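Chemist: Residue numbers (the working numbering): 514 to 575. Provided herewith is a single structure, encoded as structure tokens, for subsequent inquiry.
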Amino acid sequence: MAKSTVTRNKPKKSEQTFVKVLAGATLTLILLYFVQSALLIAEKHPLKAAIANYEQQVQLEK
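Here is the structure:
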């Protein structure tokens, strides 16, 4: 009976570079999204937004 062997080909250097660039770009976009979200939240002043929402609820209940 023939013995089968499984060989694993290592990725080429260009494939490794592409994967690293893609991962770096993805991470950068995710970080930019979180920074932008944090800046938008800070710009809205959460306490003022909460008070406005509360006042709006009070008006709706009347």
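C-beta: ideal position from N, C-alpha, C; glycine also. The structure displayed is predicted, hence computed values, not measured ones.
Would you say L552 faces chain C, with C-beta separation under 8 Å as the test?
Modeler: Among the chains of the structure shown, chain C does not appear; only one protein chain is present.
Chemist: According to DSSP, is T518 helix, strand or coil?
Modeler: Coil.
Chemist: Cα separation between S527 and S550?
Modeler: Each residue's alpha carbon lies about 34 Å from the other.
Chemist: The alpha helix (DSSP H) that contains P524, what's its start and end?
Modeler: No alpha helix (DSSP H) contains P524, which DSSP labels as neither H nor E.
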